[in-house]
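Written out below as structure tokens is the structure these notes cover.
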Amino acid sequence: MIDVSKRTSEFKKKLIKTVQERAITVSTDLYDIATNKVGKKTSPVWTGSFLASWNMQIGSPDFTFYVDPYPNPSNPLPPKPTPNLKFDSPTSLSTIYITDAVPYAGKIQREGTTYSNPFILQRITESYRWS
């Protein structure tokens, strides 16, 4: 006889693990696009503060930002490395936040343009709830 509750529990664990892996893959890809690591440039580069201020975190948004005290357009701040996300437990599903809190990021989002890159369109906060 087949134990349906055991099979259901095993299936649920495998399903949640698969969803977690896919969520991290999609979020990491979006983060890499936002920080100009792959694809078309989506963030302006003048001092690099906008690129260096992208954050990606599970559970709650991170609104820290970095401003170069000595901006130099010929030597902009580099973007942060892509975070290595991990869920708290193998059965948890939570929101993954991708944010940029540099003070002028709102203007970039509202107007979709900057002086240094007039053709961008960028959202400064993305969140995905996987449940």
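By my numbering, the letter at position 32 of the sequence shown is numbered 664, and the numbering carries on one by one without gaps. Ideal placement from N, C-alpha and C gives every residue a C-beta, glycine not left out.
Between the stretch 642 to 657 and the stretch 692 to 707, do at least 3 Cβ pairs fall closer than 8 Å?
The way I'd put it, the stretch 642 to 657 doesn't touch the stretch 692 to 707; fewer than three beta-carbon pairs between them come closer than 8 Å.
Which first and last residues belong to the beta strand (DSSP E) in which Thr727 is found?
Counting along the chain, the unbroken beta strand (DSSP E) around Thr727 starts and ends at Thr727 to Asp732.
Range covered by the beta strand (DSSP E) that runs through Ile634:
Taken as a continuous stretch (DSSP letters only), Ile634 belongs to no beta strand (DSSP E), as it is neither H nor E.
Would you give the residue range spanned by the alpha helix (DSSP H) that Ser573 belongs to?
Because the chain is modelled from 633 through 763, residue 573 falls outside the range shown and cannot be assessed.
How big is the Cα-Cα spacing for Lys645 and Met688?
A direct Cα-Cα distance of roughly 25 Å separates Lys645 from Met688.
I want to know whether the stretch 678 to 687 touches the stretch 708 to 719 - three or more CB-CB distances under 8 Å.
Enough Cβ pairs lie closer than 8 Å, so yes.
When we look at the beta-carbon of Tyr702 and count the other beta-carbons within 10 Å, is it buried (16 or more) or exposed?
In the assembly as shown, Tyr702 is an exposed residue. Its beta-carbon has fewer than 16 other beta-carbons within 10 Å.
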